[in-house]
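If you use our numbering, the sequence shown corresponds to residues 567 to 836, in order.
All residues carry an ideal CB built from backbone N, CA and C; glycine is no exception.
What you are looking at is a predicted structure, and each value in this text was computed from that prediction instead of being measured.
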Amino acid sequence: MTAYETLSTRFKRIAALNEAAGILHWDMSTLMPKGGAAARTEQLTALGLTCHELMNDADLGDLFAAAEVDLGENTAGWQRANLREMRRRWLHATAVEAELVEAQTKAGKKCEMIWREARPDADFAAVLPALREVLNLARQEAAAKAAAFGCTRYDALLDLYEPGGSAAKIDVVFDDLAAFLPGFLAAALEHQARAPQAVPLAGPFAIDLQEKLGRRLMQALGFDFAHGRLDVSLHLFCGGVPDDVRITTRYDRDDFMKALMGVLHETGHA
567 MTAYETLSTR
577 FKRIAALNEA
587 AGILHWDMST
597 LMPKGGAAAR
607 TEQLTALGLT
617 CHELMNDADL
627 GDLFAAAEVD
637 LGENTAGWQR
647 ANLREMRRRW
657 LHATAVEAEL
667 VEAQTKAGKK
677 CEMIWREARP
687 DADFAAVLPA
697 LREVLNLARQ
707 EAAAKAAAFG
717 CTRYDALLDL
727 YEPGGSAAKI
737 DVVFDDLAAF
747 LPGFLAAALE
757 HQARAPQAVP
767 LAGPFAIDLQ
777 EKLGRRLMQA
787 LGFDFAHGRL
797 DVSLHLFCGG
807 VPDDVRITTR
817 YDRDDFMKAL
827 MGVLHETGHA
């Protein structure tokens, strides 16, 4: 195989492991019994470390250099884009130590489980110590990546989600919003004060009917239930894999719009 083909094969394997971790996370959020948290954390940590080890193979740097030669200047655009994205993920992975990857996974899952217990009583104090550790580790990741990439800590973390983005570019967007929104908000409030008041719909609304309504609108939007699921979780999300998309919502018997808006939002992601 060429260097590019070797890289593609390796990253396909890493992607499959990450997809498996995604399904385990979905199960943790929807079906897993409370007592399975410790074992699930170990499973996700093992997968994360395995992916990190594969990303840090000693020969990857040489393979990337050789792949640039393989592709040349006349290669299809999607292949060059694929190589660029593989390199970006590789640089992010090699910027942090395995110990930090392990610590972040464990701290994140620990914090989530504490949050689940504290959420019904809005007990933020119970979550705070674990959340502080999550933030501490995120700062360590940011510092490591900023040193590796030669940029600010925020820009280093942002690149993982918004490639090429930066605080400077975001400032332009928010400056525009800061100039526009105050006047627009005042006009909207004035208009609402003159408009007829909407008649609220009184509940309770049966959960099974809310689910049927959500599924009907998902189908209208083109969601393929042969390649996806709708489930319930404490925090709404869209996960899974391209051929097996998992989305969640949560229901309120007194307000069907909460679940419905959640379903529509996550269907957009799906």
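- The alpha-carbon of Leu697 is positioned some 45 Å away from that of Ala642.
- Residue range Asp810 to Thr815 is occupied by the beta strand (DSSP E) that includes Thr814.
- In this model, Ile736 and Leu590 are separated by some 34 Å (Cα to Cα).
- Annotation for Arg795: the continuous beta strand (DSSP E) segment containing it runs Gly794 to Val798.
- Between the stretch 614-621 and the stretch 575-582, the count of C-beta pairs closer than 8 Å reaches three or more; the two stretches touch.
- Taking every protein chain shown into account, the CB of Tyr570 has 16 or more other CB atoms within 10 angstroms, so this residue is buried.
- Its chain contains Tyr570, Leu573, Phe630, Ala633, Glu634 and Leu637 as the residues whose beta carbon lies nearer than 8 Å to that of Leu649, once the 5 sequence neighbours on both sides are disregarded; these appear in chain order.
- Look at Val700 here: in three-state DSSP terms it is helix.
- Fully enclosed beta strand (DSSP E) runs of no fewer than 3 residues are not present anywhere in the stretch 635-689.
- About 6 Å separates the beta carbons of Arg816 and Val798, which is inside the 8 Å limit, making them a contact pair.
- For Gly805, the uninterrupted beta strand (DSSP E) segment begins and ends at Cys804 to Val807.
- For His835, the three-state secondary structure derived from DSSP is helix.
- No residue range can be given for Asn622, since it is assigned to no alpha helix (DSSP H) and is classified by DSSP as neither H nor E.
- In this structure Glu678 is buried. Its beta-carbon is surrounded by 16 or more other beta-carbon atoms within 10 angstroms.
- Ranking Lys824, Asp774, Asp809 and Leu800 by CA distance to the CA of Phe791 puts Asp809 first.
- When DSSP states are grouped into helix, strand and coil, Phe746 belongs to the helix group.
- Under the three-state reduction of DSSP, Ala761 is assigned to coil, being neither helix nor strand.
- Listed in chain order, the non-local C-beta contacts of Gly805 below 7 Å within the same chain comprise Gly588, His591, Trp592 and Arg812, local neighbours out to five positions each way being set aside.
- Between Leu826 and Leu787 a beta carbon distance of about 12 Å is seen, past the 8 Å cut, so the two are scored as non-contacting.
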